[in-house]
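If you read the sequence shown in the working numbering, its first letter stands for residue 10, the second for the next number, and so on. Beneath this line is the structure, given in structure tokens, with notes to follow.
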Amino acid sequence: MKRLLIPLTAAALSAAALAVPAGAAPSWASDPLAPKPADAYSNAFFWLDANGDALRKATQYHWDAKAVAKVVAKGGTTPDDGKPGSTAPTANAPAGTKVKNVNLPRTIGKVFFLDNKGEYRWCSATSVQSRYRNLVATAGHCVFENGKDDVYDKWVFVPGYYGGKAPWGIYAGAYAFTAYDLDTYDDYDGDFAFVAVHNGFQFAGDKQVTKDEYDKWAGDKWAKDVEIDAATYKKCVDLNGKETSDCWAKLSTTTDIVGPDYKGAKKQAYKEVDKDEFDKAPKGDTNGTQAPDKTVADHVTKSEYEAYKGPGYRKIDASGNFTITHYFLKYWVKETSKTDYFRTLFYVGVAKDTGRLGDVVGGQGVAWNQPLGQTVTAFGYPAEAHPDGHKAFTGVTPKWCYGKTGTKTYQANMFRVETHQVLKCSMTGGADGGPWLLKYSNSKRTGYLNGVTSLFHDQDGNDRVDFISSAYFDGEVADVYNKANYAETKNIVGPNGELLK
Numbered sequence: 010m011k012r013l014l015i016p017l018t019a020a021a022l023s024a025a026a027l028a029v030p031a032g033a034a035p036s037w038a039s040d041p042l043a044p045k046p047a048d049a050y051s052n053a054f055f056w057l058d059a060n061g062d063a064l065r066k067a068t069q070y071h072w073d074a075k076a077v078a079k080v081v082a083k084g085g086t087t088p089d090d091g092k093p094g095s096t097a098p099t100a101n102a103p104a105g106t107k108v109k110n111v112n113l114p115r116t117i118g119k120v121f122f123l124d125n126k127g128e129y130r131w132c133s134a135t136s137v138q139s140r141y142r143n144l145v146a147t148a149g150h151c152v153f154e155n156g157k158d159d160v161y162d163k164w165v166f167v168p169g170y171y172g173g174k175a176p177w178g179i180y181a182g183a184y185a186f187t188a189y190d191l192d193t194y195d196d197y198d199g200d201f202a203f204v205a206v207h208n209g210f211q212f213a214g215d216k217q218v219t220k221d222e223y224d225k226w227a228g229d230k231w232a233k234d235v236e237i238d239a240a241t242y243k244k245c246v247d248l249n250g251k252e253t254s255d256c257w258a259k260l261s262t263t264t265d266i267v268g269p270d271y272k273g274a275k276k277q278a279y280k281e282v283d284k285d286e287f288d289k290a291p292k293g294d295t296n297g298t299q300a301p302d303k304t305v306a307d308h309v310t311k312s313e314y315e316a317y318k319g320p321g322y323r324k325i326d327a328s329g330n331f332t333i334t335h336y337f338l339k340y341w342v343k344e345t346s347k348t349d350y351f352r353t354l355f356y357v358g359v360a361k362d363t364g365r366l367g368d369v370v371g372g373q374g375v376a377w378n379q380p381l382g383q384t385v386t387a388f389g390y391p392a393e394a395h396p397d398g399h400k401a402f403t404g405v406t407p408k409w410c411y412g413k414t415g416t417k418t419y420q421a422n423m424f425r426v427e428t429h430q431v432l433k434c435s436m437t438g439g440a441d442g443g444p445w446l447l448k449y450s451n452s453k454r455t456g457y458l459n460g461v462t463s464l465f466h467d468q469d470g471n472d473r474v475d476f477i478s479s480a481y482f483d484g485e486v487a488d489v490y491n492k493a494n495y496a497e498t499k500n501i502v503g504p505n506g507e508l509l510k
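In structure tokens:
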């Protein structure tokens, strides 16, 4: 990324939390996504409109096959970066879905966004514990563009996403936090992000309102015109006979070709015809009277002559001049006027506040500076085909991998990676951003976030993904997480379903 650190306003974050000592290189960076409720509502509405059509059209974040490579060299053992630390998950997290032997956490879901080409994309993510119950953890490359225009557009999180539905609401991103080196240098050793999201909401239908209510409504709204009869229109106008804002009349005129003796014929009009029809037109004062004074010859260029497709007669004379002759016939016509009456009905879309993310689905704990070689459960929505073209996953439902991480850190030079942790797993693209949970409790459905899927690797060279890797969660991750903890977000909709300012 090639941009400067963007500080947030004091209203959004604690000034003390944001302070960086003079001359010190920051370990974190932040960017606004949609701090204002109106912008957040617009982003969420983009995905929810038309019964979630945009959600269903989205495809997983795309990795080129060349990016699925071996982890090229082994690094050292667990980095020495200070004492281990953690924050506990939300107690009594709501139950999720049970699939075979694993109870899926309710905290996981998909993030949706528009990439730098305008394509509808998604990655995997999870809710994590935070001061304001409003943080989402995912991969940094699922939030920050690759060296272009800061962050992705229309970023939202949908926990429990399935088939275009947002069962627990949609949560629009307000602020994004990541490692300074990822933000500045595209260094994937910091490929993680914490995003503070606004309160979630769901659409709760619509209702018809008055014009005054419609004008004051700040959320989704639309108007529909319906035809009414003259009697209804008459009742709708005010005492002075003036139209109201929602009832109106439209005068329309139709023109019909008739003969000169037709009762109601009012005037003559000319119509261009081809030379054949002009020559065959009857003489005299009848419909279709020949009108020689309406023969017009235009001198044109060669290109105009060749491009002309109308009824005019084209000719090249002996001198090589290009002409197009237009012929017109006179017609008798009559005009008929008609008044149609309409009433405009006004509607507003009503939204329902679903509350803070962590209160609705819970939040996983976060751990850092933990020893390598521990057992983790990694979740995600894999969908990308393997490098050999085999498509093992659909991305519709979440999958998981279970096992111990490698006992050493690994390098992947293509992404400036020097200290990734690895896990044997065959999940493919779409799972990126998904959580790696230490000490995952199958009964409580909670654990400690200690990584997010960043890269995919083919270690044995058979063109199938067999390893995934994550940034090692060290003290820098803890620092970024701590800064994100101070990000305050807002309600988007009020108690009556209105958009708040």
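Cβ atoms here follow ideal geometry from the backbone N, Cα and C, with glycine treated the same way.
- Counting along the chain, no beta strand (DSSP E) covers P380, and no H or E run does either.
- The DSSP assignment places complete alpha helix (DSSP H) segments of no fewer than 4 residues inside the stretch 221-245 at 239-245, in order along the chain.
- In this structure, the CA atom of A306 is about 16 Å from the CA atom of Y279.
- Contact between K499 and N208 holds: their C-beta atoms lie close to 7 Å from each other, under 8 Å.
- In the structure shown, Y490 falls within a helical segment according to DSSP collapsed to helix, strand and coil.
- The criterion of a C-beta distance shorter than 8 Å is satisfied by G442 and T147.
- When secondary structure is reduced to three states using DSSP, A306 falls in the strand class.
- As computed with DSSP, Y356 is found in a beta bridge with Q217 and W231.
- Rounded to whole angstroms, the Cβ separation of Y170 and S39 is 26 Å, and the two are not in contact under 8 Å.
- For a cut-off of 8 Å, the C-beta gap from V111 to W377 is around 25 Å, too long to register as a contact.
- The continuous stretches of beta strand (DSSP E) do not include K174, and DSSP gives it neither H nor E.
- I237 and G214 have their C-alpha atoms spaced approximately 26 Å apart.
- The beta-bridge partner set that DSSP reports for C151 is empty.
- Beta-bridge pairing by DSSP links D265 to K343.
- Ranking D221, N505 and R142 by CA distance to the CA of A205 puts R142 first.
- Approximately 18 Å separates the beta-carbon atoms of Q138 and G178; this is outside 8 Å, ruling out the contact.
- Rounded to the nearest whole angstrom, the C-alpha separation of V385 and K433 is 11 Å.
- Counting along the chain, the unbroken beta strand (DSSP E) around K448 starts and ends at P444 to S450.
- Residue environment: V405 is assigned as exposed (fewer than 16 neighbouring CB atoms within 10 Å of its CB, all protein chains considered).
- Each of K244, K413, K303 and Y70 was checked against the Cα of F337, and the nearest Cα belongs to K303.
- For P380, the closest of F476, G460 and G199 by C-alpha to C-alpha distance is G460.
- Taken through DSSP and simplified to helix, strand or coil, D162 comes out as strand.
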